[in-house]
Every structure is written in structure tokens, then in C-alpha cells.
Amino acid sequence: MDKPTTSAAAAAAQDSNLLLDSPQHGPTLSSASSFEALTRHDPNLSRLATKMFNKTEEYITHELNAPLEDYKLLEEMNKATIAKYKDMRQIAENLNTSTSELSLKFQQLAPMMQQIDEISDTVDKLEAAAYKLDAYSIALENRVKCVLQRKSAGGQVAQ
């Protein structure tokens with residue numbers, strides 16, 4: 039670095055060096071250090087500083103552990119979800135098996151149900167024929183009675 043050539047520049051450089059110097063030990067490496075490690079300080083100030091550092095440590099620890107707890111909770115939720123989906127998959131597989139079995143049974147019963155439908159249709163036709171036959175037999179019986187009454191009425195008149 040070049041040395042300042044003017045006296046104003048030299049004074050400014052010297053003033054900036056004074057800001058970095060320790061009052062007891064001279065120049066330091068840090069411009070922010072105002073704590074002298076070997077110097078006695080106010081015990082109340084030391085106690086408060088220690089308390090502040092402990093509280094800060096506790097706060098930072100909790101802040102760092104909070105996401106960890108969130109991840110643990112998320113992991114537990116994922117495990118519960120996996121278990122639920124596994125149960126649902128098992129139920130779906132059981133339903134699929136049951137549905138396949140019922141479909142097979144229905145296919146086996148379909149011809150028999152067709153026969154039952156055909157028998158039912160035949161029974162309906164037979165029932166209709168029976169009603170017609172019954173009506174015809176009643177009408178025939180009435181005619182026969184009518185003829186017999188005429189004969190018996192005609193035979194009594196002839197006597």
C-alpha cells in the first residue's frame with residue numbers, strides 16, 4: 039500500500055487505526071471486540087451476558103430442532119399412510135377375488151336361470167290354457183245342463 043502523502047490523509051488513517059485499537063493492549067485483529075478477556079468486569083454484566091448466551095443457545099437449539107420434530111412427525115404420518123394404503127390394497131384385492139368368484143358363479147348359473155325363465159314362460163302359457171279350458175268346460179257344462187233341462191222339460195210335457 040502507498041503511504042498517504044497529505045497530512046489530512048495521514049490524520050484520517052491514524053484516526054481509523056485508533057478505532058481498531060484496544061484501550062489496554064493496542065491494535066487488535068477485530069474492530070468489533072470491546073471485551074478484554076483478562077480484565078475484570080462487572081459481575082452483574084457477566085451474569086447477564088452468560089444468561090443471554092444460554093437463552094440464545096436454547097432458542098437456536100429449539101429453532102434447529104423444530105424442523106427435525108416436523109420431519110419426525112411427517113415420517114410417522116407417512117408410515118401411518120403407508121399402513122392404511124396397505125390395508126386398503128388388501129381389501130381391494132379381497133374384493134377383486136370375491137367379485138371374480140361371484141362372476142364365475144353367475145356365469146355358471148346363467149344357463150340354469152335361462153331354463154328357469156323358459157319354464158316360467160311355459161307355466162304362464164299352461165296357466166292361460168288351463169283358464170281357457172276351465173272357461174270352456176264351464177260353458178260346455180252349462181250347455182249340457184240346458185240341453186238336459188230341455189229334455190226333461192220336454193219329456194214331462196209329452197207325458
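Per this note's numbering, residue 39 is the first one in the sequence shown, and the count goes up by one each step.
Cβ coordinates follow ideal geometry from the N, Cα and C atoms, glycine included.
Predicted model, so just to flag it, every value in this text is computed and none were measured.
Each residue's CA atom was taken as its position, placing I157 and A173 some 24 angstroms apart. In this model, M115 and E107 are separated by some 12 angstroms (Cα to Cα). In the three-state reduction of the DSSP assignment, H79 falls in the coil class, being assigned neither a helical nor a strand state.
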